[in-house]
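Beneath this line is the structure, given in structure tokens, with notes to follow.
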């Protein structure tokens, strides 16, 4: 087949980076993106930054970055229903200022202690703001229901019907015993395209010829002998940091060779440089490149 189109997946628990590529005189990236499996991409502050907290306002869930979460305004008119009214000019406000001294103005409201009108509003705002704001916690691997993740994968891939127009689907293979959860994700993608793309080929008007697992190490076969020796030397180092160093240099080299192969695509270079996880995008591209070279 002349100029086959490859869909390459870099497998992750929280994200699936993918690249659709082909070769016409040079490498051409038709689509390069990421599928969020956690819905974290929806947690964005109105300013565009990643959210760290959320709040429900008028039954609507609103997200805030760290800066804007500190600027949330509470409707202070509701404070009158929060406190009990007390006899005028009978008690003094017990609110303590920064110098740790009491206000001592005439109190108008009571709730555990007495407050003047100004400090009743202040305390009400502080108390209810803390109650309403929910700090967004980082998703931990142990807390993930992988049945939900598999369902999410199928749902998301069904939204990308045009993926069935490619000729080959390549999926980063995962070791069954070392990383069974990642393997289950890779297998879900494989099974999806085996069913939708191969078995139901006519029904879905699919162009997929083959769905294939590929070893993550194959993309390293694209690098120079000199860089291979660097990795080998680090692996031969028996120190405790050698594993981390190997991981880092592998990721750095992935980005390096990806940028070299797409130097004729300035828009893709800009896109890659703007990504937080550049290595995942680079891996998906290089995996597709290796497979393309293998089948041609």
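Residue numbers (this note's numbering): 1459 to 1754.
Built from N, CA and C at the ideal position, the CB exists for glycine as well.
- Residue range 1464-1468 is occupied by the beta strand (DSSP E) that includes residue 1466.
- By the neighbour-count criterion, in which 16 or more other beta carbons inside 10 Å mark a residue as buried, residue 1634 falls on the exposed side.
- With fewer than three CB-CB distances shorter than 8 angstroms, the segment 1656-1665 does not count as touching the segment 1478-1497.
- When Cβ pairs closer than 8 angstroms are counted between the two stretches, the segment 1616-1631 is seen to touch the segment 1668-1677, the count reaching three or more.
- Assigned with DSSP and collapsed to three states, residue 1482 falls in coil, not helix or strand.
- In terms of Cα proximity to residue 1719, the closest of 1550, 1469, 1479, 1471 is 1479.
- DSSP places residue 1566 in no alpha helix (DSSP H); its state is neither H nor E.
- Around the C-beta of residue 1722, fewer than 16 other C-beta atoms lie within 10 Å, and the residue is accordingly described as exposed.
- Under DSSP, residue 1668 takes part in a beta bridge, and its partners are 1626.
- Annotation: residue 1712 to residue 1522 spans about 34 angstroms, alpha carbon to alpha carbon.
- Using a C-beta cut-off of 8 angstroms, the segment 1739-1752 makes contact with the segment 1459-1472, since at least three inter-stretch Cβ pairs fall below that distance.
- The Cβ atoms of residue 1544 and residue 1553 do not sit closer than 8 angstroms to each other.
- Excluding sequence positions up to five before and after residue 1681, its CB lies within less than 7 angstroms of the CB of 1711, 1715, all in the same chain and listed in chain order.
- The beta carbons of residue 1538 and residue 1551 sit about 16 angstroms from each other, so the pair does not count as a contact at 8 angstroms.
- Annotation: the continuous alpha helix (DSSP H) that includes residue 1614 extends over 1604-1617.
- Residues 1738 of the same chain have their beta carbon placed closer than 7 angstroms to that of residue 1470, with the five preceding and five following residues left out of the count.
- Going by C-alpha positions, residue 1472 is about 50 angstroms away from residue 1567.
- According to DSSP, residue 1487 shares a beta bridge with 1479.
- Here residue 1576 carries a helix assignment [DSSP, helix/strand/coil].
- Note that the segment 1637-1644 touches the segment 1600-1611; at least 3 beta-carbon pairs, one per stretch, sit closer than 8 angstroms.
- In the DSSP assignment, residue 1512 is bridged to 1521, 1592.
- Annotated as proximal: residue 1541 and residue 1569, with beta-carbon spacing under 8 angstroms.
- Pairing residue 1643 with residue 1607 gives a Cβ-Cβ distance under 8 angstroms.
- Rounded to whole angstroms, the Cβ separation of residue 1490 and residue 1729 is 7 angstroms, and the two are in contact under 8 angstroms.
- Per DSSP, residue 1537 is one residue of the alpha helix (DSSP H) stretching across 1537-1540.
- Excluding the 5 residues flanking it on each side, residue 1503 has same chain C-beta neighbours closer than 7 angstroms at 1509, 1521, 1522, 1523, 1526, in chain order.
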